[in-house]
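J.:
In this note's numbering, the protein residues as written are 1285 to 1928.
1. Which full runs of the alpha helix (DSSP H) of 4+ residues lie inside the stretch 1327-1381, going along the chain?
2. For residue 1898, count neighbouring C-beta atoms within 10 Å of its own C-beta (all shown protein chains included) and say buried if the count is 16 or more, exposed if not.
3. Drop a sphere of 10 angstroms on the beta-carbon of residue 1547, count the other beta-carbons inside from all chains shown, and report buried for 16 or more, exposed for fewer.
4. With H, G and I counted as helix, E and B as strand and the rest as coil, what does DSSP make of residue 1689?
5. At what residues does the alpha helix (DSSP H) containing residue 1414 begin and finish?
6. Determine which residues share a DSSP beta bridge with residue 1896 and list them.
7. Can you give me the C-alpha to C-alpha distance between residue 1795 and residue 1904, rounded to a whole angstrom?
8. Report, in whole angstroms, the separation of the C-beta atoms of residue 1306 and residue 1341, which I expect to be a contact under 8 Å.
9. Spell out a yes or no on whether the stretch 1904-1914 and the stretch 1873-1893 are touching, meaning 3 or more CB-CB pairs, one atom from each, closer than 8 Å.
10. Rounded to whole angstroms, what's the CA-CA distance from residue 1848 to residue 1681? Just pull it up for me.
11. Can you say whether residue 1527 is buried or exposed, counting buried as having 16 or more other CB atoms within 10 angstroms of its CB?
12. Consult DSSP for residue 1681 and reduce its assignment to one of helix, strand or coil.
13. DSSP on residue 1674, reduced to helix/strand/coil?
14. Taking residue 1286 as part of the alpha helix (DSSP H), name the residues at either end of that continuous run.
15. Classify residue 1599: buried if its beta carbon has 16 or more other beta carbons within 10 angstroms, exposed otherwise.
16. Within the continuous beta strand (DSSP E) that includes residue 1717, where are the two ends?
17. Candidates 1567, 1530, 1560 and 1576: which alpha carbon is nearest residue 1543's?
18. Around the Cβ of residue 1465, are there at least 16 other Cβ atoms within 10 angstroms (buried) or fewer (exposed)?
19. Using a 10 Å radius around the Cβ and a threshold of 16 neighbouring Cβ atoms, would you call residue 1421 buried or exposed?
20. Between 1632, 1605 and 1462, which has its C-alpha nearest residue 1621's C-alpha?
21. Any idea if residue 1928 is buried or exposed, counting beta-carbon neighbours within 10 angstroms, 16 or more meaning buried?
22. Given a threshold of 16 other Cβ atoms within 10 Å of its Cβ, counted over all protein chains shown, does residue 1608 qualify as buried or as exposed?
23. Three or more C-beta pairs under 8 Å: does that hold for the stretch 1876-1893 against the stretch 1780-1795?
24. Please list the terminal residues of the continuous beta strand (DSSP E) segment that includes residue 1517.
25. Residue 1537 and residue 1649: beta carbons closer than 8 Å?
26. Pairs of beta-carbons, one from the stretch 1478-1498 and one from the stretch 1697-1715, closer than 8 Å: are there three or more?
27. Between the Cα of residue 1655 and the Cα atoms of 1361, 1467, 1335 and 1594, which residue gives the shortest distance?
28. Would you identify the three-state DSSP class for residue 1734, choosing helix, strand or coil?
29. Are there 16 or more other CB atoms within 10 angstroms of the CB of residue 1828, so buried, or fewer, so exposed?
30. Based on DSSP bridge pairs, tell me the residues matched to residue 1643.
31. Is the beta carbon of residue 1521 sitting closer than 8 Å to the one on residue 1751?
32. Please report the residue range of the alpha helix (DSSP H) in which residue 1470 lies.
33. Based on the DSSP output, what are the partners of residue 1598 in its beta bridges?
34. Using CA coordinates, which residue listed in 1378, 1723 and 1754 is at the minimum distance from residue 1740?
35. With which residues is residue 1781 paired in a DSSP beta bridge?
36. Just the Cα atoms here: how many angstroms apart are residue 1748 and residue 1720?
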């Protein structure tokens, strides 16, 4: 290992030339496993993989009794993107292309490996093959790059994800890692690095789209004795998991991006503000930082460059509002995470009153590639005003859920219908919710919207951190909006009255809409309707007067839903009806006397004793007592329970 470390340091990291000697490249090919003389099995190891059972799959492969098992190398890799395929497995035989298989749970391991090692490949879970020139092609098997999921993406930030062991700094360096950082600290000044990033047109990927190079220069040009860089890896939006996936799959590139950004602004201390409930990602990030220190890429006088850098990881306290940059800074300073008025902005006066640059994970992941390939390369992708790519996490009712990366300028329709495969189970698309808990609903007729910061802003929308929730026809928009409002109400810091009281009042009104009133009289409907009308007024006040972005954007889901699905709100208010049959408080249950056998199962399980009758005779439900929980419907074996 010491010899390998010496080789990678002297021959690769400290090389003055961009082109390495042929003998060095051959050695790197071996480290990258591009050429292997034994079978190699790659198994995904991220959070989604573990939930799907990848650890059991790993144990089963490790204990495989076949004659080839002793010579087989097992490698844990990150996520390739399609979470619907987890546990994801890749098998490479010497001289042959890699084969990718989906949903390989423990019981499938032995039959699969028996077939692979005897050239009898099962196509049931086969996704496709992938390989470089010179490798043997598996006849009749499609190439994975030709499948819509991969063919329509532009994998730049995700380029290393699922390709190598994220805990191996040796593999990362063999793939060109940390050379951009060494190039920056040895050949460029602080200002020159800022200028390169500014020329690339890189904009913050957290939703605001502020020019990254400009923010760096603002911090650099502010006179001070010290500066700080903060990587915001909080990512607490419901349905967003891009940062977690990136960190679990390619943590070294984030470390390199942090190092370059820190150098560019003259910071010697960088912080990673980390989401506390992602132990797998946290472990891999801490391992990457430790490995970088061991290779002399962090610490004092990095490879005799005169530059010092320490990266400190801090777990966030669990509050959604702490993702807001001023609240984040307060938390790092040991104070309660509450937003502060701006200006001054953090780039001028941030952590401990010093100039501070805050970038999210995806933004920093682009930095090493820009330094390596140049700003023109980055501008060759995307649009004129929004160069590069954007990473999205697709969830909800999409046929293929997972992490997707597309060029800026791609339409939402292409992303949802072509890459993610549309809606599962043949259902109709109702909307796409973009921007997290305070995002917007985009209807099918508006899916030609291009992914571009300026175009999306002109439409009055926000891209957010990249979470996309696909909503189908069986989803109740009113209930979904109520869920988001409850989330925001619970996460409000309570500092300013518009947000604290506004979210509570909006949730109270929405709660009344999805339930039948206790007393049915002529004034009840009017009161409910008045409540909904108040929602628009409350939303306007919150947007205009709340202190931070959380309160200002909190009404967005409601306003967007009301604009696009007003008839559903009216049905809930006037007809006491939920067309998706989701709102329990509006459901009416009855018993079909022709089908009821009087078995008493429903009556014995009813939590509010709303079902009466005599054994072996038809039972009936007292509507005034029924809460619409649906337990009777679920438990009835004779389909005697009807729901309206």
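Ideal placement from N, C-alpha and C gives every residue a C-beta, glycine not left out.
T.: On the basis of the supplied data:
1. Segments of the alpha helix (DSSP H) lying fully in the stretch 1327-1381: 1331-1336 and 1338-1346.
2. exposed
3. Classification of residue 1547: buried, given that the 10 Å Cβ count is 16 or more.
4. strand
5. That residue, residue 1414, is in no alpha helix (DSSP H); its beta strand (DSSP E) goes 1410-1414.
6. 1904, per the DSSP bridge assignment.
7. 28 Å
8. Not quite, the Cβ-Cβ distance comes to about 38 Å (not below 8 Å), so this is no contact.
9. The stretch 1904-1914 vs the stretch 1873-1893: in contact.
10. Rounded to whole angstroms, the gap between the alpha carbons of residue 1848 and residue 1681 is 19 Å.
11. buried
12. coil
13. strand
14. 1286-1291
15. It is exposed - the Cβ of residue 1599 has fewer than 16 other Cβ atoms within 10 Å.
16. 1713-1718
17. 1576
18. buried
19. exposed
20. 1605
21. exposed
22. buried
23. In short, these stretches do not touch, since the Cβ pair count stays below three.
24. 1512-1517
25. yes
26. no
27. 1467
28. Look at residue 1734 here: in three-state DSSP terms it is strand.
29. exposed
30. 1515
31. The answer is yes: Cβ separation under 8 Å.
32. 1463-1471
33. 1557
34. Minimum Cα distance to residue 1740 is reached at 1723.
35. None, per the DSSP bridge assignment.
36. Distance from the CA atom of residue 1748 to the CA atom of residue 1720, rounded to whole angstroms, is 6 Å.
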